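Asker: Going by the UniProt record's numbering, the residue at position 234 of the sequence shown is 234; the numbering climbs one at a time, nothing skipped.
Handing you a structure now.
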Amino acid sequence: MERASSSIAESTMSPKTLNDSVHAPSLHEAEPADAEPAMPKQGKPFKFWMVFVALCFSCFLAALDLTAVSTTLPDIAETFQSEDYSWIGSAYALTSTAFVPWTGGLAKIFGRRPVMLAGLLLFALGSALAGAAQTMAMAIAGRAVQGVGGGAILTMVEIIVCDLVPLAERGAYFGIIGSVWALASAIGPPIGGALASAGAWRWLFYLNLPLCGLAIALVIFFLDVKAPQTTTREKLEQMDYVNVLFVAASTALVLGLTWAGSTYAWSSFRVLVPLILGFLGIVAFVFIEHSYVKHPTVPFAVLKNRTTLVGFVQTFIHSLIMMCIVYYLPTTYFQAAKGFSPIRSGTALFSFCFALTFHHQPPADEPPSQSTVAPAAIVTGAWVTITQKYKLQNLVGWTLATVGSGLLILFRWDSNKGIWAGIPIVVGIGLGILYTGTQFAVLAPIAPADQPPALAFFGFIRALGQVFGISIATTAFQNQLKKKLPSEFLAEVGGTATRAFAAIPYIKSLPEPLRTSVRAAFADSTRVIWMVTTAFAAVALLLCFLLEDLTLATTSDENWGLQDKPKSKASSEEEKIGTN
1 MERASSSIAE STMSPKTLND SVHAPSLHEA EPADAEPAMP KQGKPFKFWM VFVALCFSCF
61 LAALDLTAVS TTLPDIAETF QSEDYSWIGS AYALTSTAFV PWTGGLAKIF GRRPVMLAGL
121 LLFALGSALA GAAQTMAMAI AGRAVQGVGG GAILTMVEII VCDLVPLAER GAYFGIIGSV
181 WALASAIGPP IGGALASAGA WRWLFYLNLP LCGLAIALVI FFLDVKAPQT TTREKLEQMD
241 YVNVLFVAAS TALVLGLTWA GSTYAWSSFR VLVPLILGFL GIVAFVFIEH SYVKHPTVPF
301 AVLKNRTTLV GFVQTFIHSL IMMCIVYYLP TTYFQAAKGF SPIRSGTALF SFCFALTFHH
361 QPPADEPPSQ STVAPAAIVT GAWVTITQKY KLQNLVGWTL ATVGSGLLIL FRWDSNKGIW
421 AGIPIVVGIG LGILYTGTQF AVLAPIAPAD QPPALAFFGF IRALGQVFGI SIATTAFQNQ
481 LKKKLPSEFL AEVGGTATRA FAAIPYIKSL PEPLRTSVRA AFADSTRVIW MVTTAFAAVA
541 LLLCFLLEDL TLATTSDENW GLQDKPKSKA SSEEEKIGTN
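Structure (structure tokens):
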């Protein structure tokens, strides 16, 4: 059984040394395989719960914005008369990906609270910029700033939970955070749709400002955790500045993928040059990180463990599939193919995002408000906590995700309610299980002291999946849509698939039979996305058989956690007397 107990900084360690270190006594050694899981014997203090509330609220804030914007994309594209609508999502995901690794490093160098506050402030600044945007370029810039803040928030939430709760107890807490994410995902699209229907999409971003203020107050008053005692020079020396290369390389790759087939031909130098430069840049980044950087962002030591490596790959695929569904199911299918309004397309995602059954009887054509992701995340967290295992949960999750994603291919423009409302439940349960399950595959082989930097890389991989999910889905959809749309409609909207996306609000006003032809073209083009997600899910399912069910650690890193209250002089004297 492999168990990586070395420091992440020792990335030059050989695989043999890494495995042999299992038997060497170490301060950071993980729990032995035959150890009985130690469940908490006493309740958490009030301060812990207030910190946890602050973390949940911050997670809710970031998730709400990430999912709500999808239903407003056609209206934003229409407002600015721009073909660059996909960059509203890509800019957020790209900057989040680029700066998440720095988030983990900064948290280790400067402490948890300053980095969390910086993330919230940047998120608020980006929200203000996006809401006040007068051009698509300004809106994209605002989303890019938001991405830096949002990525930092989500990464810090997971790192702080890791500081406060041992892995053996963490399932329940990750389950609660997963349900908070699912709640935000459920109400986000309807809120975005309602604001878009009212012509007030800017308020989707303005609403973040008071919420950020509340989150900042909670963090300032309650997130009092330990911080490193080092000089400014020492802190700056530990920074990993090579991440700038990754930012440039990732941007080039996304540009190439976004332009390919829709704006320019695949053979065009405008597509090939950024793709080649992006690929070479990422290869150079990995080489330099591994060979020359003293404190690398990439945790090469833990990547030598098979279970952790598989967990990271599955995290990438999980995030990719989630973004494909959240961004394209409500817009290109529910709005364009089914003719739903923005608010109805948002409520149609309830069957995928959040479990709640209203007591009133909905109209016959209204989607059921049943959910899957939230209860699945909670149940999985409890399931892992009780069994102290995670392989079966991942196997079940990927099976449902693969089957559910494959069933999405059945969606047609005239599909009945049973199909378009029922099938997302299957894939939603699967992805909900995996929201919690993949983290345990990543963390189980890693010693407690090495888990926070591994979680920062986990956030990086998740954000990278978001980038490629949006980019791959956009490329596949636009290439197919250009072939499927009637020439009459293409000529009317400007001759490109990106212009056709901006014209989604006008499809319902088209005369027949043109309207039906356009709706069918959008539905058929969206099916290509589900073919891609099904293929990725199937790969992740096969990788489950490479996972090893390891015992979960029952301790956390004592160098981090809640700050102890300063002892009074009297209590200190009593302790001295007691020791004499």
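C-beta atoms are modelled at their ideal positions from N, C-alpha and C, and glycine is treated no differently.
Computed from a predicted model, the values in this text were never measured in an experiment.
Helix, strand or coil, according to DSSP, for A93 in the structure here?
Answerer: The residue you call residue 93 lines up with position 93 of the sequence shown. Here A93 sits in helix by DSSP.
Asker: Identify which residue in A520, K508, L547, F501 has its Cα closest to the Cα of P74.
Answerer: Position 74 of the sequence shown, counted from the start, is the residue given in the question as residue 74. Ranking the options by Cα distance to P74, first place goes to F501.
Asker: Is DSSP giving V493 helix, strand or coil here?
Answerer: Along the sequence shown, one-based indexing puts residue 493 at 493. Reduced to three states, the DSSP call for V493 is helix.
Asker: DSSP on Y390, reduced to helix/strand/coil?
Answerer: The residue given as residue 390 occupies position 390 in the sequence shown. Reduced to three states, the DSSP call for Y390 is coil.
Asker: Do you know how far the Cα of I470 is from the Cα of W398?
Answerer: In the sequence shown, counting from the first residue as 1, residue 398 sits at position 398. In the sequence shown, counting from the first residue as 1, residue 470 sits at position 470. Looking at the two C-alpha atoms, the distance is approximately 20 Å.
Asker: On the criterion of 16 or more Cβ atoms from any shown chain inside 10 Å, does F358 qualify as buried, or is it exposed?
Answerer: Translated into the one-based positions of the sequence shown, residue 358 becomes position 358. Unreliable positioning characterises F358 in this predicted model, as indicated by a pLDDT of 28, which lies under 50. The coordinate reading is nonetheless provided below. With fewer than 16 other Cβ atoms within 10 Å, it is exposed.
Asker: Secondary structure at V427, three-state DSSP: helix, strand or coil?
Answerer: One-based indexing of the sequence shown puts residue 427 at position 427. Reduced to three states, the DSSP call for V427 is helix.
Asker: A337 and F477 - do their beta-carbons sit closer together than 8 Å?
Answerer: Against the sequence shown, residue 477 aligns to sequence position 477. Against the sequence shown, residue 337 aligns to sequence position 337. No. Outside cutoff.
Asker: Could you have a look at Y264 and say whether DSSP puts it in helix, strand or coil?
Answerer: Position 264 of the sequence shown holds residue 264. Reduced to three states, the DSSP call for Y264 is strand.
Asker: Taking the alpha carbon of Y328 as the point to measure from, which residue in S345, G422, V165, I282 has its own alpha carbon closest?
Answerer: As a first step, residue 328 must be located in the sequence shown, where it is residue number 328. For Y328, the nearest C-alpha among the options comes from S345.
Asker: Would you say the beta carbon of P45 comes nearer than 7 Å to a heavy atom of the ligand NAP?
Answerer: Ligands displayed in this structure: none; no statement on the ligand NAP is therefore possible.
Asker: In angstroms with no decimal places, state the Cα-to-Cα distance between V326 and I76.
Answerer: Taking the sequence shown and counting its residues from 1, the one referred to as residue 326 is at position 326. Taking the sequence shown and counting its residues from 1, the one referred to as residue 76 is at position 76. Each residue's alpha carbon lies about 17 Å from the other.
Asker: Buried or exposed for N243, going by 16 or more other Cβ atoms inside 10 Å?
Answerer: Position 243 of the sequence shown, counted from the first residue, corresponds to residue 243. Buried, since its Cβ has 16 or more Cβ neighbours within 10 Å.
Asker: Between the alpha carbons of S509 and L61, how many angstroms are there, rounded?
Answerer: By 1-based counting over the sequence shown, the position of residue 509 is 509. By 1-based counting over the sequence shown, the position of residue 61 is 61. C-alpha separation (whole angstroms): 36 Å.
Asker: Please classify E573 as buried or exposed, where buried requires at least 16 other C-beta atoms within 10 Å of its C-beta.
Answerer: Your numbering for residue 573 matches position 573 in the sequence shown. Note that E573 has pLDDT 47, beneath the 50 cutoff, so the model's placement of it is unreliable and no number is given.
Asker: So the candidates are P189, S267, L120, S291; which of them puts its Cα closest to the Cα of C212?
Answerer: As a working mapping, residue 212 is identified with position 212 in the sequence shown. Ranking P189, S267, L120, S291 by Cα distance to C212 puts L120 first.
Asker: From this set, A441, L407, I429, which residue's C-alpha is nearest K391's C-alpha?
Answerer: Looking up residue 391 in the sequence shown gives position 391. Of the listed residues, the one whose Cα sits closest to K391 is A441.
Asker: In the DSSP assignment, what residue or residues form a beta bridge with V219?
Answerer: If you number the sequence shown from 1, residue 219 lands on position 219. According to DSSP, V219 bridges with nothing at all.
Asker: Taking the C-alpha atoms as reference points, what is the distance between G147 and G171?
Answerer: Sequence index remark: in the sequence shown, residue 147 carries index 147 (1-based). Sequence index remark: in the sequence shown, residue 171 carries index 171 (1-based). Computed Cα separation, rounded: 27 Å.
Asker: To the nearest whole angstrom, what separates the beta carbons of G281 and L245, a pair I think is in contact under 8 Å?
Answerer: As a first step, residue 281 is located in the sequence shown; it is residue number 281 there, counting from the start. As a first step, residue 245 is located in the sequence shown; it is residue number 245 there, counting from the start. The pair is a contact, with the Cβ atoms about 6 Å apart (cut-off 8 Å).
Asker: Can you give the Cα-Cα distance for D163 and P210, rounded to whole angstroms?
Answerer: The residue labelled residue 163 in the question sits at position 163 within the sequence shown. The residue labelled residue 210 in the question sits at position 210 within the sequence shown. Answer to the nearest angstrom: the Cα atoms are 28 Å apart.
Asker: According to the Cβ coordinates, are L349 and P505 closer than 8 Å?
Answerer: Against the sequence shown, residue 349 aligns to sequence position 349. Against the sequence shown, residue 505 aligns to sequence position 505. No, the pair does not count as a contact, with Cβ atoms beyond the cut-off.
Asker: How far does the alpha helix (DSSP H) with Q451 in it reach, from first residue to last?
Answerer: As a working note, residue 451 is residue 451 in the sequence shown. From DSSP, the alpha helix (DSSP H) with Q451 extends over 451 to 484.
Asker: Contact between the segment 110 to 130 and the segment 165 to 185: three or more CB pairs below 8 Å?
Answerer: No, the segment 110 to 130 is not in contact with the segment 165 to 185.
Asker: Measure the Cβ-Cβ separation of C59 and L117 and say whether it is below 8 Å.
Answerer: As a position in the sequence shown, residue 59 is number 59, starting the count at 1. As a position in the sequence shown, residue 117 is number 117, starting the count at 1. No; because the gap between Cβ atoms is not below 8 Å, this pair is not in contact.
Asker: Among F468, W530, T534, V310, which one has its Cα closest to the Cα of S86?
Answerer: Taking the first residue of the sequence shown as position 1, residue 86 is located at position 86. Comparing Cα-Cα distances from S86 to each of F468, W530, T534, V310, the minimum goes to F468.
Asker: In the structure shown, what three-state DSSP assignment does G278 receive?
Answerer: By 1-based counting over the sequence shown, the position of residue 278 is 278. Three-state result, G278: helix.
Asker: When the Cα atoms are used, what is the spatial distance from S487 to T135?
Answerer: Numbered from 1 along the sequence shown, position 487 holds the residue referred to as residue 487. Numbered from 1 along the sequence shown, position 135 holds the residue referred to as residue 135. Going by the C-alpha atoms only, they are around 29 Å apart.
Asker: Cβ atoms of V180 and residue 581: under 8 Å apart, would you say?
Answerer: A question about residue 581 goes unanswered here, because the residues of the chain that appear run from 1 up to 580.
Asker: With distances taken between CB atoms, is the gap from V426 to G404 smaller than 8 Å?
Answerer: In the sequence shown, counting from the first residue as 1, residue 426 sits at position 426. In the sequence shown, counting from the first residue as 1, residue 404 sits at position 404. Yes, the pair counts as a contact, with Cβ atoms nearer than the cut-off.
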